[in-house]
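Asker: Numbering (the UniProt record's numbering), first residue to last: 1 to 146.
Beta carbons: idealized from backbone N, C-alpha and C, even for Gly.
If you're wondering where the values come from, they're calculated on a predicted model, not measured in any experiment.
Attaching a single structure in structure tokens format; questions to follow.
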């Protein structure tokens, strides 16, 4: 799960997907394309919306996406087209590029829909992205269980 700073959308997506899969069989992680929040806790509003939905993301710490993530992960879900562009710029071949997908393509196939960045908004934005990510993660979890 990849967003810009790894404190709002991607930590929430990580927590949601972890709540829907067997984590002894599926490794889920998140990262940001930027370096600003490396080592930081997720945004307090992401933590709050997670807790409201019985998902604890307080053990997560921000990290930056790197080229080695292409080797460590089979699927790389990005939150928006800007994140996708930044991640694809690090890919070295078509195999790596094929791993990168917009997370909302799971519920809006081929429509290139971004998960809005709620960072500068209020709590309502976090409610909205939770619903989007939850719906997408239900579909991802079903795919991973096959």
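Just the Cα atoms here: how many angstroms apart are residue 141 and residue 21?
Answerer: Roughly 6 Å between the two C-alpha positions.
Asker: Quick check: residue 16 and residue 134, are their CB atoms within less than 8 Å of each other?
Answerer: Closer than 8 Å, so yes.
Asker: Return the residue from the list 2, 9, 1 that minimises the CA-CA distance to residue 147.
Answerer: This structure cannot settle anything about residue 147, because the visible part of the chain is limited to 1 through 146.
Asker: Grab the span of the alpha helix (DSSP H) containing residue 76 for me, first residue to last.
Answerer: No alpha helix (DSSP H) holds residue 76; the beta strand (DSSP E) holding it covers 76-78.
Asker: Runs of 4 residues minimum, wholly inside the UniProt domain "Phosphotyrosine protein phosphatase I" (2-143): which ones carry the alpha helix (DSSP H) assignment?
Answerer: Runs found: 9-18, 44-52, 69-72, 81-88, 94-98.
Asker: On the criterion of 16 or more Cβ atoms from any shown chain inside 10 Å, does residue 126 qualify as buried, or is it exposed?
Answerer: It is buried - the Cβ of residue 126 has at least 16 other Cβ atoms within 10 Å.
Asker: Tell me the rounded alpha-carbon separation between residue 81 and residue 49.
Answerer: Answer to the nearest angstrom: the Cα atoms are 24 Å apart.
Asker: Below 8 Å on the Cβ atoms is my guess for residue 76 versus residue 87; work out the distance and round it to an integer in Å.
Answerer: With a Cβ gap of about 6 Å, residue 76 and residue 87 count as contacting.
Asker: Under 8 Å, do residue 64 and residue 42 count as touching if we go by C-beta distance?
Answerer: For residue 64 and residue 42, no; Cβs fall outside 8 Å.
Asker: Cα separation between residue 19 and residue 92?
Answerer: About 32 Å.
Asker: Does the beta-carbon distance from residue 110 to residue 62 come in below 8 Å?
Answerer: No, the pair does not count as a contact, with Cβ atoms beyond the cut-off.
Asker: Counting C-beta neighbours from all protein chains within 10 Å, is the total for residue 5 16 or more, i.e. buried, or is it exposed?
Answerer: So residue 5 ends up on the buried side.
Asker: On a CA-only basis, which of 45, 124, 66, 114 is nearest residue 12? Give me that one, please.
Answerer: Residue 12 has its Cα closest to that of 45, out of 45, 124, 66, 114.
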